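*Asks:* Chains as they are written, first to last, in the numbering used here: chain B, 1 to 357; chain Z, 358 to 714; chain V, 715 to 1071; chain F, 1072 to 1428; chain H, 1429 to 1785.
I'd like to ask some things about the structure below.
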């Protein structure tokens, strides 16, 4: 119980530097860097992985739709090269590698810049990963900290195997299914949270005396706060995309974004509900402690209330006065023992009636 | 008390699938499937139940108003057939069979898509059932998980027996009375909730010591949270229908939707009120526990405070010193007993005055 | 304390019936029914009471302003006759006799329909009565459950005796003074609530140990919740009348409605303030209980801490060892008694310093 | 502690009277009535006090700017005379003498009517005084309940001695400095409140056991609630004046109102902050009580836990069995005493380690 | 623990003075006053420090961009001279030296006036410093209470060494990087707050019994309240600058202000999150105290429950009745001791099973 479960503090925002300076603020230390390119249209689809940004640049300008997935944010140089090639604003580049950037959307004339957070549980700890997406005419570029394959894995297959309508659509639909995949994962995380809450409920009502749940509840509450901070802005962002009058999003795609918006609201509602339930948990726990204390006090009171008067009586007849007539009766002792027994039984009945036993 | 009252967890949203994929996410396992068609105009009315979707399709295109009530969401195929015949968007079809979809309204050019939740208590447990309604020119199609007859039963009779104005109106009025019937049931559920709260109140004030109400209150709170999540969006949905500028809703029907809106607000107010009352309940319960502890402590304190000093005195005269003059007086023992009695009575009076007895 | 103070449950909304069906949902069982008509203009004023609705109908169409006050909602038939004569919407008629209808305003072309709640205390219980008002060109019709004379009594006299400006104004001013009279009564109710809160405060701080205030506070809280639900919508309703662009309200009357709006806000503020105070009361009560427990514990601790060690000492010299040299000194007993006295005094001083005595 | 600190209840609004009826609802009983007139322009300034309203009327129509300060609201007749002379609406006159009127602003074509509350502490009690201001072309009339000189004293001198820009400006600037003076006083009141909170904090942490702070905290909370109700509307009122398009406020004065608006927001923020701190205080107090109880329990537990077993041992060797070999050893008594000492010391060490001592 | 950690009260707003009067309301007593001027364009840059305001005036009117940094607000005269030279409104001058002024923005035709608060921790205490910025065509003037070099230090170097784009931009960009530097410091402060919270958490769960954390938590809460009051308005201010239609902010700079707005929101979110966590802390602390009390009570109950009955039995056989047959058996004593041992062990097992040991 003495082990710190808190992750190492690391909140080094790039304070004091020139605005537009690209500084990686994440916790990854590996130099892993790879760029995955999926280039497709209705008929064809190529899938290649590069480790050099120069080879990627030609893809951006074809007629096909291109998904460029950059894994690893430490290679600031490469990201800058890509960004300059595609004419992005310096502040966009800064935010791509700043893992403390909160979720947001910035609309530019030629492209949309979206910051999202990917959430998943890893070894029972909530991990929040920074994800940036830039969508322009004919391309979507995604930036992740780590090659966390599972979130986009299914989606990749869907494009290559030409399932669904993705191959018939443009980059606006690609952006939608990317965001949709991330949002779907929010549900998994919310579910895990729900299960954790129910586990604590079970412990509360069945686990008996042993555990101090204060810490568990506190940790759960902090997890919910972090989750909320990452997920809540998603709602606003999706709504902004749906209602944008940018030419980048074509009208017939808006239905999909409206659907995504519904999902975002639903996750937010789940988290709000869990927040309320955690607050209740704490109250419940307090009342459980009080109930337990009540029971302890009852035992003490019953024992003390029964035996203290009896002990007093025994004390009386242990006194050494010369003249204590009762002591000399032949059956005095047995009579006294009888009286004590009656007192004992009477008190038991009294407590029974008071429901203390 | 060890039995788990929690329903089996089942939250399998269709994560990772292509948007527009129809996946049934409910808990029903029966293959029951039936389609009920009520086709009516001012003069005539037919009522038929089919188990094959093909036979239903011709009804959609007559001059009459048609209510198609689909029971059972597992037959995804049939629902798709119907949807395609009526030209619905794939996302609509996905939401019809996704029982986790929250209440919402989507307006399309030719039809309105409404998701509602039906609420009822079954064996003291709150059941929330998924209900989708699609209203187009000349038809309303409703989709339910289970043939839960009672909600729409009365309404069915009303159409067949030509009570009220329904036979003189179009599908916009039909949608209204369907939503109205569901909303009316919300009141029943709210009432049951109110009664449960009053039961706990009674237990709190009259039921004495025995029960630990913590769990009951927690369960009630969770029920209210679930209710809230299902009912609150209804308000917004009805308001959207009332204010729509779609041609599907004719102007003279808006008064009815305004009335429905009033009802929706009223349910929401009830639930909010019950929420506050449940929060108070917990507080009350805590104060009741504290009061009880107080009473236990008083008993203990009175007994201990009276007898501990007396026992001490008895102990003193039980000592074996050679020279203890008091022991040898003829009436010493009786005098001491008198003194003890005075102490006893004095203390009783003291506690009486302090209102501890 | 075992008597149930809760009124009989009766929440039978007319669930499942055709919209527009008039069903009386109140609790009155008397068949009392009367219609009071005050017909006035600048010069003349007549005041008649009828028990037959037919005789009332001619009044509605004169040049004078007519106030028709219907007492008793059980006579659904008569109300329907009146409503049809004046061309009201069926939903209006339904709401007039539905006592569960929340306060609201509906604007129609020819008339305004307002639902308000009249509040008063009867034998220490808060009574909430349903009041509907329909204002058209030249008339205001009011519907009450019971001939609760006092609210409108003063107003009736004012019209007959031609006090104030009412005889010089039209039905829009009449509606204003009717709503004003009801709102004025809200203040009386709020005042009574304030006094009840102060009574509990007094009991809390001066009433000593005896009472368990939990229940009283809970009842007060529920009363406030009910009050809030009845009074809060009034604010919105009055504001809607003030800002209406209906021809029914003439411009120079708007100042009066603005004033009424001020009053409505003020009542709402009072109730909100009382709500907060009740919440504080509960907290205060909890802290008072804790304080009391503290005091009980102190007494117990002082007594036990002083006498337990002394009893031990006495116990030691009550042992029967052969060789206990102290026992045989001539003054041993007196010395020991002195030592015990010193211990006793020392402890008293210690507790004095700790402020436990 | 038994003395009631609550002021006498007096909430007699003029319920049931004709709207526009002037009824003084304050608590003053003195018949004091005086009218102070300051008439000024850039060059000249006269300052006169009258007790008759007739003499004041001519001032209203000069070219100069006139400040008429009416002290005492009981003289309803005089106020009516003044109001009629200046053509004010009857509802304005009603509100001037209705001390329960909440702060508000009413804009009329020729004048602005503002209700404010003056706050000050008198003998440690918060006094809230009704202040009405009517600003028209060339005049500002203020109505106070009592000649509370200090609030406007400084301001009066400033006009007479021609300090600041007031003599160069019109009545719109005069209104500003009047409201500014009142708002400045809000800060003094907020400060006093802040000091009271800090006093309770000190008592909480340093004052030891003696005091029951529950009541003090409750009184503070009620004071804050009253303060809030009086001060919060000021923000809205000033904002309305700043943004008015009435000709009465000239454009170059708006900067001053914007500044006043800033001040109003600041006071509101202070009060909100104090409210939160008072809520914390209650929590802190509860935790302090619990901590204290903990300490009392520790003392009791230590004493009881040490001596109860020792007393038992002494009891054993006080038994009168014939055959108890230990009793007859020569050093038995001393050995036992040693053992008891060891137990005593051992327990002390144990509690030391548990940090109970 | 008796030391007051509260800073000396000093809230002397300039109450009662003429609006526009410059009164320094801060706590600095040093007469330090210096003016630092950085005058730059794309090619050149000069950096000079003056102690006389007259020498500074010529800089304001060059073609270059000028940053004038005034340290020390006591020299009201000099500030007035500067302000009059640049044609500022008297209320602006008043607010520059009024350290109680809350953060705000005022837009004038020729200049923007911004009030911000600089936050930093000094010896573990939160210091809030008043900072005013006036931005006009070609200049930004900043006013600080103290030459707190670190906040702007890095920025100063950046201008002189021509890093970043600042030398290529106008005063609108200069204002941005100044506000950006202050906002960056908010993150540092929020981080420190976060660490303090985690320290208390650690103490709560690991630090054992000794500390009373009530006071620490209260101080933390007050710190958060002060922080909130200083930081929250920043969000609104930056948003106002971004959306202004003043010519002073050129369009291509707006992206930077949007970025700054993101940062401001992020800080606000942090502080809100910490506020919630502090509220949880208090709850946790209460539950920890209750848990501890539970444990103390358990020890007491176990000891008392075991030994009180045993002591009673010993008492019985210490009585002096003539006829107590048990006393005379040869092995009576040993049998009784065995029985007592069995009772002792039985009780231990019982408590073991109840998990009290």
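No residue lacks a Cβ here, since even glycine has one placed at the ideal position from N, Cα and C.
All of these numbers come straight from a predicted model, not from anything done at the bench.
Looking only at DSSP bridge pairs, what is residue 824 of chain V linked to?
*Replies:* Within the third chain, residue 824 of chain V is the residue found at index 110, counting from 1. According to DSSP, residue 824 of chain V bridges with nothing at all.
*Asks:* Give me the residue from V:758, V:965, V:911 and V:984 with the minimum Cα distance to residue 998 of chain V.
*Replies:* Locating residue 998 of chain V in the third chain gives position 284, counting from the first residue. That would be V:911, whose Cα lies nearest to the Cα of residue 998 of chain V.
*Asks:* How big is the Cα-Cα spacing for residue 1164 of chain F and residue 1091 of chain F?
*Replies:* Taking the fourth chain and counting its residues from 1, one reaches residue 1164 of chain F at position 93. Taking the fourth chain and counting its residues from 1, one reaches residue 1091 of chain F at position 20. Computed Cα separation, rounded: 7 Å.
*Asks:* Is the distance from the Cβ of residue 975 of chain V to the Cβ of residue 890 of chain V below 8 Å?
*Replies:* For the purposes of this step, residue 975 of chain V is taken as the residue at position 261 of the third chain. For the purposes of this step, residue 890 of chain V is taken as the residue at position 176 of the third chain. Against a cut-off of 8 Å, the Cβ pair of residue 890 of chain V and residue 975 of chain V comes out as no contact.
*Asks:* Relative to the C-alpha of residue 1008 of chain V, which candidate in V:1071, V:1054 and V:1048 has its C-alpha closest?
*Replies:* Walking along the third chain from the start, residue 1008 of chain V turns up at place 294. Comparing Cα-Cα distances from residue 1008 of chain V to each of V:1071, V:1054 and V:1048, the minimum goes to V:1071.
*Asks:* Along the chain, where does the beta strand (DSSP E) that runs through residue 66 of chain B open and close?
*Replies:* The residue labelled residue 66 of chain B in the question sits at position 66 within the first chain. Where residue 66 of chain B is concerned, the enclosing beta strand (DSSP E) stretches over 65-71.
*Asks:* Any idea which residues DSSP pairs residue 1190 of chain F with across the strands?
*Replies:* Mapped onto the fourth chain, residue 1190 of chain F falls at position 119. Answer is F:1199.
*Asks:* Roughly how far, in whole angstroms, is the beta-carbon of residue 1465 of chain H from the beta-carbon of residue 1478 of chain H, given that I think they are within contact range, below 8 Å?
*Replies:* What you label residue 1465 of chain H is simply residue 37 of the fifth chain in a count that begins at 1. What you label residue 1478 of chain H is simply residue 50 of the fifth chain in a count that begins at 1. Correct: roughly 7 Å between the Cβ atoms.
*Asks:* For the candidate residues F:1089, F:1146 and F:1130, whose alpha-carbon lies nearest to that of residue 1103 of chain F?
*Replies:* In the fourth chain, residue 1103 of chain F corresponds to position 32, counting from 1. With distances taken between Cα atoms, residue 1103 of chain F lies closest to F:1146.
*Asks:* Can you list, in chain order, the residues of its chain with a C-beta nearer than 6 Å to that of residue 813 of chain V? Leave out the 5 residues immediately preceding and following it.
*Replies:* Translated into positions along the third chain, residue 813 of chain V becomes position 99. Around residue 813 of chain V: 739, 740 and 844.
*Asks:* Between the C-alpha atoms of residue 768 of chain V and residue 833 of chain V, what's the straight-line distance to the nearest angstrom?
*Replies:* Start at 1 with the first residue of the third chain, and residue 768 of chain V comes out as number 54. Start at 1 with the first residue of the third chain, and residue 833 of chain V comes out as number 119. Spanning the two alpha carbons is a distance of roughly 31 Å.
*Asks:* Determine the chain B residues that contact residue 1787 of chain H at a beta-carbon separation under 7 Å, and present them in chain order.
*Replies:* Because chain H spans 1429 through 1785 in this model, residue 1787 of chain H falls outside it and cannot be assessed.
*Asks:* From the DSSP output, in three-state form, read off residue 500 of chain Z for me.
*Replies:* As a first step, residue 500 of chain Z is located in the second chain; it is residue number 143 there, counting from the start. Correct three-state label for residue 500 of chain Z: strand.
*Asks:* Which same chain residues, not among the five before or five after residue 282 of chain B, have their C-beta less than 6 Å away from its C-beta?
*Replies:* Residue 282 of chain B sits at position 282 when you count from the first residue of the first chain. 217, listed in sequence order.
*Asks:* For residue 458 of chain Z, which residues from the same chain have a beta carbon less than 6 Å from its beta carbon, with the 5 sequence-adjacent residues on both sides left out?
*Replies:* Here residue 458 of chain Z is taken as the residue at index 101 of the second chain, counted from 1. The answer, listed in chain order, is 452 and 472.
*Asks:* Short of 7 Å in beta carbon distance, which residues of its chain neighbour residue 754 of chain V, apart from the five on each side in sequence? Order them along the chain.
*Replies:* Working through the third chain from its first residue, we reach residue 754 of chain V at position 40. Within the same chain, residue 754 of chain V has close Cβ partners 778, 779, 873 and 881.
*Asks:* Would you identify the three-state DSSP class for residue 381 of chain Z, choosing helix, strand or coil?
*Replies:* The residue labelled residue 381 of chain Z in the question sits at position 24 within the second chain. If DSSP states are grouped into helix, strand and coil, residue 381 of chain Z belongs with coil.
*Asks:* Can you pull the chain Z neighbours of residue 738 of chain V, defined as C-beta to C-beta under 9 Å?
*Replies:* The residue given as residue 738 of chain V occupies position 24 in the third chain. Going along chain Z, no residue has its Cβ under 9 Å from residue 738 of chain V, so there is no contact; the nearest lies around 17 Å.
*Asks:* Report the rounded CA-to-CA distance for residue 622 of chain Z versus residue 485 of chain Z, giving the unit in angstroms.
*Replies:* Mapped onto the second chain, residue 622 of chain Z falls at position 265. Mapped onto the second chain, residue 485 of chain Z falls at position 128. Rounded to the nearest angstrom, the two C-alpha atoms are 19 Å apart.
*Asks:* Mark residue 181 of chain B as exposed unless 16 or more other C-beta atoms lie within 10 angstroms of its C-beta, in which case mark it buried.
*Replies:* Against the first chain, residue 181 of chain B aligns to sequence position 181. With 16 or more Cβ atoms within 10 Å of its Cβ, residue 181 of chain B is classed as buried.
*Asks:* With distance defined between alpha-carbon atoms, name the residue in H:1512, H:1570, H:1598 and H:1622 nearest to residue 1695 of chain H.
*Replies:* The residue given as residue 1695 of chain H occupies position 267 in the fifth chain. For the residues H:1512, H:1570, H:1598 and H:1622, the minimum Cα distance to residue 1695 of chain H belongs to H:1622.
*Asks:* Around the Cβ of residue 1678 of chain H, are there at least 16 other Cβ atoms within 10 angstroms (buried) or fewer (exposed)?
*Replies:* Stepping through the fifth chain from its first residue, residue 1678 of chain H is reached at position 250. Residue 1678 of chain H should be labelled exposed.
*Asks:* Please classify residue 1053 of chain V as buried or exposed, where buried requires at least 16 neighbouring CB atoms within 10 angstroms.
*Replies:* The sequence position of residue 1053 of chain V within the third chain is 339, counting from 1. Exposed, because fewer than 16 other Cβ atoms sit within 10 Å of the Cβ of residue 1053 of chain V.
*Asks:* Whole-angstrom Cβ separation of residue 221 of chain B and residue 271 of chain B, contact assumed at under 8 Å?
*Replies:* Working through the first chain from its first residue, we reach residue 221 of chain B at position 221. Working through the first chain from its first residue, we reach residue 271 of chain B at position 271. At roughly 12 Å, the Cβ-Cβ gap does not stay under 8 Å, so residue 221 of chain B and residue 271 of chain B are not in contact.
*Asks:* Could one say the Cβ of residue 338 of chain B lies closer than 8 Å to chain H's Cβ atoms, at least one of them?
*Replies:* The residue given as residue 338 of chain B occupies position 338 in the first chain. Not one chain H Cβ lies under 8 Å of residue 338 of chain B.
*Asks:* Just to confirm my understanding: we take residue 1143 of chain F, look at its own chain, exclude 5 residues before and 5 after, and list those with CB closer than 6 Å. What are they?
*Replies:* Position 72 of the fourth chain, counting from 1, holds the residue named residue 1143 of chain F. 1103 and 1104, listed in sequence order.
*Asks:* Compare the C-beta of residue 1024 of chain V against all C-beta atoms of chain Z and say whether one is closer than 8 Å.
*Replies:* By one-based count along the third chain, residue 1024 of chain V stands at place 310. Taking Cβ atoms only, chain Z reaches closer than 8 Å to residue 1024 of chain V, which makes this a yes.
*Asks:* Answer with yes or no whether the minimum CB distance from residue 1245 of chain F to chain H is below 8 Å.
*Replies:* Taking the fourth chain and counting its residues from 1, the one referred to as residue 1245 of chain F is at position 174. So, not an interface residue.
*Asks:* Determine, using beta carbons only, whether residue 631 of chain Z comes closer than 8 Å to chain B.
*Replies:* Taking the second chain and counting its residues from 1, one reaches residue 631 of chain Z at position 274. Residue 631 of chain Z does not count as touching chain B.
*Asks:* Are any of the Cβ atoms in chain H nearer than 8 Å to that of residue 1414 of chain F?
*Replies:* Translated into positions along the fourth chain, residue 1414 of chain F becomes position 343. Chain H contact via Cβ: absent.
*Asks:* Could you tell me whether the Cβ of residue 1427 of chain F comes closer than 8 Å to any Cβ of chain V?
*Replies:* The residue given as residue 1427 of chain F occupies position 356 in the fourth chain. Not an interface residue.
*Asks:* Mind pulling the chain H residues with CB within less than 7 Å of residue 268 of chain B?
*Replies:* The sequence position of residue 268 of chain B within the first chain is 268, counting from 1. Going along chain H, no residue has its Cβ under 7 Å from residue 268 of chain B, so there is no contact; the nearest lies around 15 Å.
*Asks:* Tell me the rounded alpha-carbon separation between residue 1450 of chain H and residue 1525 of chain H.
*Replies:* Taking the first residue of the fifth chain as 1, we reach residue 1450 of chain H at position 22. Taking the first residue of the fifth chain as 1, we reach residue 1525 of chain H at position 97. Cα to Cα, the separation comes out at about 7 Å.
*Asks:* Please report the residue range of the beta strand (DSSP E) in which residue 1333 of chain F lies.
*Replies:* Mapped onto the fourth chain, residue 1333 of chain F falls at position 262. Per DSSP, residue 1333 of chain F belongs to no beta strand (DSSP E); it is in the alpha helix (DSSP H), 1325-1387.
*Asks:* Which word fits residue 658 of chain Z, buried or exposed, when buried means at least 16 other C-beta atoms lie within 10 angstroms of its C-beta?
*Replies:* Numbered from its first residue, the second chain carries residue 658 of chain Z at position 301. So residue 658 of chain Z ends up on the buried side.
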